[in-house]
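Chemist: Next up is a structure, given as structure tokens.
In our numbering, the protein residues as written are 1 to 249.
Listed below in structure tokens is the structure:
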């Protein structure tokens, strides 16, 4: 009887923790960087958009592990239909970056200014930017916050677009709102974390909990995601929970 209960407990634990990550089908990418080592960053969405580590270094994040970036240090994600965000999007991440080097590209899909390209930059002209190549010229790269996050402290940044309006958030608060009616084309290029195309616009610092949705999250959802980026408790609580399970077997 005890063995049967132990097996059932393990099955329930695995099922619950896996579905916590991938319950929202609109979540098309979630890089938590909690592996701590290796050449691959697992995507916790249901789409399998794992990232290949290309010179970036594992380190501390806002929640558990993170990834350190710099010149010629980035991550690369293969093209996937799930990453084509044609009518709406949300991109969010935690950043700890410093000044220098000009524009810093957080995550960008497609080569620069090609059809289907979009990008959330933690640094663009002294602010945070959400941009896309296919948007009208008036809003393609002008949704820049008046304040920056270049103090080498952890900040949550996010950008949403619902097909009509861009909103850019810093630490859960809307800092820039801009009308932008349009549609993105479908592209077939890779996505890059911490750089533009693996060749420029290097992030100077660390990133954590990168998420991409194919819909625009509400302000309440942005704040909830910022405070609890995974349904599993951060900073090692998952390991602790598993240890607790084992101790009771």
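We treat Cβ as the ideally placed atom computed from N, Cα and C, and that holds for glycine.
In this text the structure is predicted, and so the values were computed from the model without any measurement.
Which class does residue 51 belong to by DSSP, given the choice of helix, strand or coil?
Modeler: Indexing the chain shown from 1 puts residue 51 at position 51. If DSSP states are grouped into helix, strand and coil, residue 51 belongs with the strands.
Chemist: Under 8 Å, do residue 160 and residue 83 count as touching if we go by C-beta distance?
Modeler: Counted from its first residue, the chain shown places residue 160 at position 160. Counted from its first residue, the chain shown places residue 83 at position 83. Contact: no.
Chemist: Would you say the region 67 to 83 touches the region 28 to 41, given that touching needs at least three Cβ pairs under 8 Å?
Modeler: Output reads yes: the region 28 to 41 touches the region 67 to 83.
Chemist: Quick check on this structure: which residue in 48, 126, 88 has the alpha carbon closest to the alpha carbon of residue 166?
Modeler: For the purposes of this step, residue 166 is taken as the residue at position 166 of the chain shown. Nearest option by C-alpha distance: 88.
Chemist: Secondary structure at residue 26, three-state DSSP: helix, strand or coil?
Modeler: By 1-based counting over the chain shown, the position of residue 26 is 26. Coil, per DSSP.
Chemist: Pull up the CB-CB distance for residue 80 and residue 49, whole angstroms please, since I reckon it's below 8 Å.
Modeler: Start at 1 with the first residue of the chain shown, and residue 80 comes out as number 80. Start at 1 with the first residue of the chain shown, and residue 49 comes out as number 49. Yes, they are in contact, since the Cβ atoms of residue 80 and residue 49 sit about 5 Å apart, within 8 Å.
Chemist: Decide yes or no for the touch test of the region 144 to 155 against the region 171 to 186: beta carbon pairs closer than 8 Å, at least 3 of them.
Modeler: Result yes; three or more Cβ-Cβ pairs closer than 8 Å.
Chemist: Whole angstroms are fine: how far does the CA of residue 189 sit from the CA of residue 225?
Modeler: As a first step, residue 225 must be located in the chain shown, where it is residue number 225. As a first step, residue 189 must be located in the chain shown, where it is residue number 189. Between residue 225 and residue 189, the C-alpha separation is close to 28 Å.
Chemist: How should residue 113 be labelled, buried or exposed, when 16 other C-beta atoms within 10 angstroms of its C-beta is the threshold for buried?
Modeler: Taking the chain shown and counting its residues from 1, the one referred to as residue 113 is at position 113. Residue 113 should be labelled exposed.
Chemist: Provide the residue span of the alpha helix (DSSP H) that contains residue 200, from first to last.
Modeler: Position 200 of the chain shown, counting from 1, holds the residue named residue 200. Element bounds for residue 200: n/a, residue is neither H nor E.
Chemist: State the CB to CB distance for the pair residue 163 and residue 222, rounded to an integer number of angstroms; the pair is presumed to be in contact (CB under 8 Å).
Modeler: Locating residue 163 in the chain shown gives position 163, counting from the first residue. Locating residue 222 in the chain shown gives position 222, counting from the first residue. Residue 163 to residue 222, Cβ: 17 Å. No contact.
Chemist: Measure the C-alpha to C-alpha separation of residue 22 and residue 47 and round it to an integer number of angstroms.
Modeler: The residue given as residue 22 occupies position 22 in the chain shown. The residue given as residue 47 occupies position 47 in the chain shown. Caution is warranted here: a pLDDT of 48 is assigned to residue 22, below 50, making its placement in the model unreliable, and the coordinate value is therefore given only provisionally. Roughly 9 Å between the two C-alpha positions.
Chemist: Between which residues of its own chain and residue 111 is the CB-CB distance below 8 Å, once the five residues before and five after are set aside?
Modeler: Your numbering for residue 111 matches position 111 in the chain shown. Taken in chain order, the residues that qualify are 117, 189, 197.
Chemist: Count the other CB atoms within 10 Å of the CB of residue 272; is the residue buried (16 or more) or exposed (fewer)?
Modeler: What the structure shows of the chain is the stretch from 1 to 249, and residue 272 is not part of that stretch, so it cannot be assessed.
Chemist: Contact check, residue 107 vs residue 56 under 8 Å by CB: the rounded distance?
Modeler: By one-based count along the chain shown, residue 107 stands at place 107. By one-based count along the chain shown, residue 56 stands at place 56. No, residue 107 and residue 56 are not in contact; Cβ-Cβ is about 13 Å, not under 8 Å.
Chemist: Please work out which residues of its chain come closer than 6 Å, Cβ to Cβ, to residue 133, disregarding the five sequence neighbours upstream and downstream, and give them in chain order.
Modeler: As a working note, residue 133 is residue 133 in the chain shown. Correct list, in chain order: 113, 117.
Chemist: So, are the CB atoms of residue 120 and residue 157 less than 8 Å apart?
Modeler: Working through the chain shown from its first residue, we reach residue 120 at position 120. Working through the chain shown from its first residue, we reach residue 157 at position 157. Yes, Cβ-Cβ distance for residue 120 and residue 157 is below 8 Å.
Chemist: Among 220, 149, 109, 202, which one has its Cα closest to the Cα of residue 187?
Modeler: Translated into the one-based positions of the chain shown, residue 187 becomes position 187. The option with the nearest alpha carbon to residue 187 is 109.
Chemist: Rank 24, 52, 185, 60 by C-alpha distance to the C-alpha of residue 36 and give the top, closest one.
Modeler: Working through the chain shown from its first residue, we reach residue 36 at position 36. Taking only the C-alpha atoms, the option nearest residue 36 is 60.
Chemist: So does residue 34 have its beta carbon nearer than 7 Å to some heavy atom of the ligand SAH?
Modeler: Ligands are entirely absent from the displayed structure, and the ligand SAH is therefore not among its contents.
Chemist: Report the partner residues of residue 73 according to the DSSP bridge assignment.
Modeler: Indexing the chain shown from 1 puts residue 73 at position 73. According to DSSP, which records beta bridges pairwise, residue 73 is partnered with 70.
Chemist: For residue 138 and residue 152, I'd like the C-alpha separation in whole angstroms.
Modeler: In the chain shown, residue 138 corresponds to position 138, counting from 1. In the chain shown, residue 152 corresponds to position 152, counting from 1. Going by the C-alpha atoms only, they are around 31 Å apart.
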